[in-house]
Amino acid sequence: MIKIDNLSFFPNNLKTLRKLNLLSQSELSKLLGISRSSLSFYESGESEPTLNVLIKISKFFNVSLDYLIFKKIDSKFLTNLISYDSLKKQNLDTLEKLDLLDILKNKKNYYISKEQEIHKTIKDLNSIIKFLES
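Residue numbers are given in the numbering used here: position 82 of the sequence shown equals residue 94, and the series is strictly consecutive.
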């Protein structure tokens, strides 16, 4: 086990990356091949991952180890989530592919529902604007 500096951003970065990718702890732990409780301990800072697990996490989210551990992840990551190129480089077995496919379909449906909410909100705002302008 490696020791990560107390000022490390790792626990928060891990949780942020997981949430930005709309993954539950259970889903991410399956994809990484670790237990959900281990992932929970990493996110809370109660435990530190091995170097091997850190590498898996950094490859999965397509970020450098340096960035994962020592830099605060911000909204720039909204545009750099799980990339197609990083998926092509991974050697996924059939079960992992099915798990990931299910997760990505759920993620797509989530964004479709948000898109519908946005259109409804815009329509409502337009109605209010028209009312106030008349």
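We treat Cβ as the ideally placed atom computed from N, Cα and C, and that holds for glycine.
Which term fits residue i, buried or exposed, when burial requires 16 or more other beta carbons within 10 angstroms of its beta carbon?
| i | result |
| --- | --- |
| residue 39 | buried |
| residue 143 | exposed |
| residue 145 | exposed |
| residue 127 | exposed |
| residue 129 | exposed |
Cutting at 8 Å between CB atoms, please list the residues of its own chain near residue i, excluding the five before and the five after it.
| i | result |
| --- | --- |
| residue 45 | 68 |
| residue 11 | With the chain covering only 13 through 146, there is no way to say anything about residue 11. |
| residue 3 | Nothing can be reported for residue 3: it is not among the residues displayed for the chain, which extend from 13 to 146. |
Which whole-angstrom value is the C-beta distance of residue i and residue j, which I expect to be below 8 Å?
| i | j | result |
| --- | --- | --- |
| residue 66 | residue 80 | 7 Å |
Less than 7 Å separating the beta-carbons of residue i and residue j?
| i | j | result |
| --- | --- | --- |
| residue 25 | residue 85 | yes |
| residue 59 | residue 53 | yes |
| residue 119 | residue 32 | no |
Kindly list the residues whose CB is nearer than 6 Å to the CB of residue i, restricted to its own chain and excluding five residues on each side of it in sequence; keep chain order.
| i | result |
| --- | --- |
| residue 28 | 85 |
Here's a check: name, in chain order, each residue in its chain whose Cβ is nearer than 7 Å to the Cβ of residue i, leaving out the five neighbours to either side.
| i | result |
| --- | --- |
| residue 51 | 37, 40, 41 |
| residue 83 | 21 |
| residue 57 | 23 |
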